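Q: Quick one: the structure is below, questions incoming.
Protein chains: 2
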Amino acid sequence: MALDEAVLRGHSEAQILSVINAGLALGGARSTDVLVGPGDDTAWLRVRSGAALVTTDAMVLGRDWRDDWSAPDHVGRKCVAQNAADIEAMGGTTTALVVTLVADPATPLAWVRELAVGLGREAARAGAVIVGGDLSSAGPGVCVISATALGELPDGARPVLRCGARPGDVLAVSGPLGRAAAGLLLLQEDRAADGPELVGYQQSPHPAYGDGRRALEAGASAMLDVSDGLLLDAGRIAQASGVRIDVHTAALAPDIAALGAVGDRGTDCVLRGGEEHVLLATFAPGDEPTGWRVIGAVADGTGVAVDGRDTQGGGWEHFTVQQE
Amino acid sequence: MALDEAVLRGHSEAQILSVINAGLALGGARSTDVLVGPGDDTAWLRVRSGAALVTTDAMVLGRDWRDDWSAPDHVGRKCVAQNAADIEAMGGTTTALVVTLVADPATPLAWVRELAVGLGREAARAGAVIVGGDLSSAGPGVCVISATALGELPDGARPVLRCGARPGDVLAVSGPLGRAAAGLLLLQEDRAADGPELVGYQQSPHPAYGDGRRALEAGASAMLDVSDGLLLDAGRIAQASGVRIDVHTAALAPDIAALGAVGDRGTDCVLRGGEEHVLLATFAPGDEPTGWRVIGAVADGTGVAVDGRDTQGGGWEHFTVQQE
Chain U
1 MALDEAVLRG HSEAQILSVI NAGLALGGAR STDVLVGPGD DTAWLRVRSG AALVTTDAMV
61 LGRDWRDDWS APDHVGRKCV AQNAADIEAM GGTTTALVVT LVADPATPLA WVRELAVGLG
121 REAARAGAVI VGGDLSSAGP GVCVISATAL GELPDGARPV LRCGARPGDV LAVSGPLGRA
181 AAGLLLLQED RAADGPELVG YQQSPHPAYG DGRRALEAGA SAMLDVSDGL LLDAGRIAQA
241 SGVRIDVHTA ALAPDIAALG AVGDRGTDCV LRGGEEHVLL ATFAPGDEPT GWRVIGAVAD
301 GTGVAVDGRD TQGGGWEHFT VQQE
Chain R
1 MALDEAVLRG HSEAQILSVI NAGLALGGAR STDVLVGPGD DTAWLRVRSG AALVTTDAMV
61 LGRDWRDDWS APDHVGRKCV AQNAADIEAM GGTTTALVVT LVADPATPLA WVRELAVGLG
121 REAARAGAVI VGGDLSSAGP GVCVISATAL GELPDGARPV LRCGARPGDV LAVSGPLGRA
181 AAGLLLLQED RAADGPELVG YQQSPHPAYG DGRRALEAGA SAMLDVSDGL LLDAGRIAQA
241 SGVRIDVHTA ALAPDIAALG AVGDRGTDCV LRGGEEHVLL ATFAPGDEPT GWRVIGAVAD
301 GTGVAVDGRD TQGGGWEHFT VQQE
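Protein chains in written order, with UniProt numbering: chain U, 1 to 324; chain R, 1 to 324.
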């Protein structure tokens, strides 16, 4: 099949699936836990620990990415990364994903192939395989990708929930903050060249897989991934745990300094930027794993404060933000 | 919150989720296998047999349903039913689902609540629970629901695949065929009153959960659910198993007779109608469980025949059929 000019319209599902499977295969992921892979009514997956972590996340063209800003392999990588980050945030390891693609029949087949390449590559990075999916047509301009990730915990372990933070714990983060939000600003201002690394992180975050498991093993008392902004996500831990969390901006100085390309908006990107997918967790003081940074403290009370001052949080909301 | 006038726009995700969770709860499903339910980064689900069946299916407004033909609870039920039917088709029992909803902010909140009621009710029928989901906004007129179902086999069992049919087996079906397709014709012709049961089956099929497990226990050699039409789906067994399947129309006379409302198109509905979600399986002669009907035979060769005459199959294709 000549891919360069082809679109989905006019191709059978078998033809399209063969293109997708070829793309996925480039990721090179293999797993002995896949007992039945794609092609039957369902996949069949060994679950060694006897319990599965399950999460799902959708991506929408025009909401979660723009085709003039993100190549299809970025979109595929991001789709896997944001699901796998949720598995990490429980202390788990991603084992498998299923993906549905709902797309305008005018979508280029080459775009779909590169999407599959991105899905397959990021799955391989996470140590997981794509074990199935579904394909459906939609109206003009529509492209929705929905993925479900499955994962496992170490034998005998329980997941790190949001509700376990205790007064006296420290708040720690597994990586830099604000990059995805700053990258988005640069794209919006047509200044991608001013911060290609930030833009790259917006196009597809690359979580450090294994951070979640290390946090679990270090005794993290609460954890999630920063998907909707530090303050909003910290607020989720505070609310679930019935504690107050104080974020210390002095500890965020390196994050802010790295966002010079967006000027004085760096602080806002660090405090409120979503799609970061680093992990945010609480630990007994000194228990945070190597590579994690303490950026705040847990106390009696409610809500989130910045340097002792109460905040309303703020972060990504799908339906309260005016988007058109 | 006054639901009657409200739409998604302007509501926080927490508000919308509380509406959805209230709807789901009406289904009344409970499970002791849900170790961590909705509300954290992932769910955590006990997998007693040590292996999970996994499948995913998307539904698209304007493709898979029309709002003037289907109430939101029909849509929710159908979404669960078509995923759970895939689990049944392996011989399994559905244990849990996750669901993503991608919707125009102008979608009424009451519609979303009733969708959740349908999801919860059909999940309960299947013996499963909804353990998580994701919510995202989309452009005008867009509504996409994507579900992933997890299931399990009886301890020590292996799934019934499509590839095990052997020459000499019989082809059998677990229920009536053609109802969903006939119902669709009646809706398209604005004659719903001429066949309310057929229309009801199109709006939301109600698989007989447990049929798949009984087929597995009876030694089914190959199985799938009729999602894209009898001939096309029989062709999938034939291809995967390297056999020829002959469908006997005499055995389909009761199915056709029940579709009198669509006149002489009944045969086509029975042979080619999709969305039926009854099970199609092959067995050694006489091994088919009570309630299953023999409708054909497996022989050496390739392809699907009807009363000994070769056929090209034909069934639902998303991208080769002209839809606008």
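In this text, a Cβ means the ideal position worked out from N, Cα and C, and glycines have one as well.
Values in this document were obtained by computation on a predicted structure and should not be read as measured data.
Taking L187 of chain R as the reference, which of R:Q82, R:A261, R:L150, R:G303 has the closest Cα?
A: Position 187 of the second sequence holds residue 187 of chain R. It is R:A261 whose Cα lies nearest to the Cα of L187 of chain R.
Q: Could you check if G23 of chain R is buried or exposed, using at least 16 other CB atoms within 10 Å of its CB as the buried criterion?
A: Here residue 23 of chain R refers to the residue found at position 23 of the second sequence. Buried, since its Cβ has 16 or more Cβ neighbours within 10 Å.
Q: Using a cut-off of 7 angstroms between C-beta atoms, extract the partners of H318 of chain R located in chain U.
A: In the second sequence, the residue the question calls residue 318 of chain R occupies position 318. Neighbours of H318 of chain R on chain U, chain order: E13, L135, S136, S137.
Q: Taking the beta carbon of E217 of chain R as the centre, do at least 16 other beta carbons fall within 10 Å, making it buried, or is it exposed?
A: Within the second sequence, the letter at position 217 stands for residue 217 of chain R. The residue is exposed, with fewer than 16 neighbouring Cβ atoms inside 10 Å.
Q: Contact check, I20 of chain U vs A147 of chain U under 8 angstroms by CB: the rounded distance?
A: Locating residue 20 of chain U in the first sequence gives position 20, counting from the first residue. Locating residue 147 of chain U in the first sequence gives position 147, counting from the first residue. Rounded to the nearest angstrom, the Cβ distance from I20 of chain U to A147 of chain U is 13 angstroms, too far for a contact under 8 angstroms.
Q: Identify the residues that DSSP records as bridge partners of C143 of chain U: which are they?
A: Counting from one through the first sequence, the residue named residue 143 of chain U turns up at place 143. In the DSSP output, where bridge partners are listed per residue, C143 of chain U has U:A103.
Q: Around the Cβ of T95 of chain R, are there at least 16 other Cβ atoms within 10 angstroms (buried) or fewer (exposed)?
A: Working through the second sequence from its first residue, we reach residue 95 of chain R at position 95. Per the 10 Å Cβ criterion, buried.
Q: Just to make sure I have the definition right: I need the residues of chain R whose C-beta is within less than 7 angstroms of the C-beta of A89 of chain U. Which are they?
A: Here the question's residue 89 of chain U lines up with position 89 in the first sequence. Correct list: D41.
Q: Should T93 of chain R be flagged as near chain U, meaning a C-beta pair shorter than 8 angstroms?
A: Taking the first residue of the second sequence as position 1, residue 93 of chain R is located at position 93. Chain U, which has no Cβ nearer than 8 angstroms to the Cβ of T93 of chain R, makes this no.
Q: Return the CA-CA distance between G212 of chain U and A89 of chain U, expressed in angstroms with no decimal places.
A: Locating residue 212 of chain U in the first sequence gives position 212, where the first residue counts as 1. Locating residue 89 of chain U in the first sequence gives position 89, where the first residue counts as 1. Their Cα atoms are separated by approximately 6 angstroms.
Q: Looking only at its own chain, which residues have a Cβ that is under 6 angstroms from the Cβ of W65 of chain R, when we skip the five neighbours before and after it?
A: Walking along the second sequence from the start, residue 65 of chain R turns up at place 65. Take W65 of chain R, set aside five residues on each side of it, and the residues of its chain with a beta-carbon closer than 6 angstroms to its own are V75, in chain order.
Q: I'd like to confirm something about T95 of chain U: is its beta-carbon nearer than 7 angstroms to some heavy atom of the ligand ATP, or not?
A: Questions concerning the ligand ATP fall outside what the structure shown contains, since it holds no ligand whatsoever.
Q: Along chain R, in chain order, which residues have C-beta atoms closer than 8 angstroms to that of G50 of chain U?
A: For the purposes of this step, residue 50 of chain U is taken as the residue at position 50 of the first sequence. What G50 of chain U touches in chain R: R46, V47, R48, G50.
Q: What first and last residue would you give for the alpha helix (DSSP H) that runs through L230 of chain U?
A: Taking the first sequence and counting its residues from 1, one reaches residue 230 of chain U at position 230. Where L230 of chain U is concerned, the enclosing alpha helix (DSSP H) stretches over 230-241.
Q: Count the other CB atoms, across all protein chains shown, that sit within 10 Å of the CB of S221 of chain R; report buried if there are 16 or more and exposed otherwise.
A: As a working mapping, residue 221 of chain R is identified with position 221 in the second sequence. By the neighbour-count rule (16 or more Cβ atoms within 10 Å), S221 of chain R is buried.
Q: Alpha carbon to alpha carbon, how far is F319 of chain U from G92 of chain U?
A: As a first step, residue 319 of chain U must be located in the first sequence, where it is residue number 319. As a first step, residue 92 of chain U must be located in the first sequence, where it is residue number 92. Answer to the nearest angstrom: the Cα atoms are 30 angstroms apart.
Q: When the cut-off is 8 angstroms and only beta carbons count, does V173 of chain U lie next to chain R?
A: The residue given as residue 173 of chain U occupies position 173 in the first sequence. Not closer than 8 angstroms to any Cβ of chain R, the Cβ of V173 of chain U fails to qualify, so no.
Q: Beta-carbon separation of S204 of chain R and V278 of chain R under 8 angstroms?
A: The residue given as residue 204 of chain R occupies position 204 in the second sequence. The residue given as residue 278 of chain R occupies position 278 in the second sequence. No, the Cβ-Cβ distance between S204 of chain R and V278 of chain R is not below 8 angstroms.
Q: Exposed or buried, what is D68 of chain R when buried is set at 16 or more other beta-carbons lying within 10 Å of its beta-carbon?
A: Residue 68 of chain R sits at position 68 when you count from the first residue of the second sequence. Classification for D68 of chain R: exposed.
Q: Which chain U residues are close to R244 of chain R, counting only those with a beta carbon under 8 angstroms from its beta carbon?
A: Here residue 244 of chain R corresponds to residue number 244 of the second sequence, with the count starting at 1. In chain order: nothing, as chain U lies at least about 19 angstroms away.
Q: If you run the structure through DSSP and keep just helix, strand and coil, what is P72 of chain R?
A: For the purposes of this step, residue 72 of chain R is taken as residue 72 along the second sequence, with counting starting at 1. The answer is helix: DSSP assigns P72 of chain R an H, G or I state.
Q: Can you list, in chain order, the residues of its chain whose CB lies under 7 angstroms from that of P167 of chain U, leaving out five sequence neighbours each side?
A: Looking up residue 167 of chain U in the first sequence gives position 167. Closer than 7 angstroms at the Cβ level, and outside the excluded window around P167 of chain U, lie V243, V298, A299, D300.
Q: Closer than 8 angstroms between beta carbons: that is the criterion. Which residues of the segment 63-81 of chain U meet it against chain R?
A: R63, D64
Q: Whether or not the segment 182-199 of chain U and the segment 244-252 of chain U are in contact is what I'm after, with contact meaning three or more pairs of Cβ atoms, one per stretch, closer than 8 angstroms; do they touch?
A: The answer is no - the segment 182-199 of chain U does not touch the segment 244-252 of chain U, with fewer than three Cβ pairs under 8 angstroms.
Q: Within the same chain, show all residues whose beta-carbon is closer than 8 angstroms to that of L109 of chain U, passing over the 5 residues directly before and after it, in chain order.
A: As a position in the first sequence, residue 109 of chain U is number 109, starting the count at 1. M1, L3, A6, V7, L8, H11, I16, V19.
Q: Which residue marks the beginning of the beta strand (DSSP E) containing V226 of chain U, and which one marks its end?
A: Position 226 of the first sequence, counted from the start, is the residue given in the question as residue 226 of chain U. Element bounds for V226 of chain U: n/a, residue is neither H nor E.
Q: To the nearest angstrom, how far is it from the Cα of G303 of chain U to the Cα of W111 of chain R?
A: The sequence position of residue 303 of chain U within the first sequence is 303, counting from 1. The sequence position of residue 111 of chain R within the second sequence is 111, counting from 1. Cα to Cα, G303 of chain U sits roughly 33 angstroms from W111 of chain R.
Q: Does W208 of chain R come within less than 8 angstroms of chain U when only Cβ atoms are used?
A: Numbered from 1 along the second sequence, position 208 holds the residue referred to as residue 208 of chain R. Per the sequence shown, the amino acid found at residue 208 of chain R is Ala instead of Trp. Taking Cβ atoms only, chain U never reaches closer than 8 angstroms to A208 of chain R, which makes this a no.
Q: Determine, using beta-carbon pairs with one atom in the segment 24-40 of chain R and one in the segment 98-108 of chain U, whether at least three such pairs fall under 8 angstroms.
A: Contact fails: fewer than three Cβ-Cβ distances are below 8 angstroms.
Q: Is there a C-beta anywhere in chain U that falls below 8 angstroms from the one on T32 of chain R?
A: Position 32 of the second sequence holds residue 32 of chain R. It does not; no Cβ of chain U falls within 8 angstroms.
Q: Report yes or no: is there a C-beta of chain U within less than 8 angstroms of the C-beta of T302 of chain R?
A: As a working note, residue 302 of chain R is residue 302 in the second sequence. Chain U contact via Cβ: absent.
Q: Where does Q82 of chain R land, buried or exposed, given buried means 16+ other C-beta within 10 angstroms?
A: Position 82 of the second sequence, counted from the first residue, corresponds to residue 82 of chain R. Q82 of chain R should be labelled buried.
Q: Measuring CB to CB, does L259 of chain U end up less than 8 angstroms from L231 of chain U?
A: Counting from 1 along the first sequence, the entry for residue 259 of chain U is found at position 259. Counting from 1 along the first sequence, the entry for residue 231 of chain U is found at position 231. Cβ distance not < 8 angstroms, so L259 of chain U and L231 of chain U don't count as in contact.
Q: With a cut-off of 8 angstroms on the beta carbons, I'd call residue 325 of chain R and T42 of chain U a contact; round off their distance for me.
A: Absent from the model: residue 325 of chain R. The displayed extent of chain R is 1 to 324, so no value can be given.
Q: Would you decide whether E189 of chain U is buried or exposed? Buried here means 16 or more other CB atoms lie within 10 Å of its CB.
A: Along the first sequence, read from residue 1 onward, the residue named residue 189 of chain U stands at position 189. Its Cβ having fewer than 16 others within 10 Å, E189 of chain U is exposed.
Q: Out of R:F283, R:A234, R:L135, which has the shortest C-alpha to C-alpha gap to D310 of chain R?
A: Taking the first residue of the second sequence as 1, we reach residue 310 of chain R at position 310. Across the set R:F283, R:A234, R:L135, the C-alpha of R:A234 shows the shortest separation from the C-alpha of D310 of chain R.
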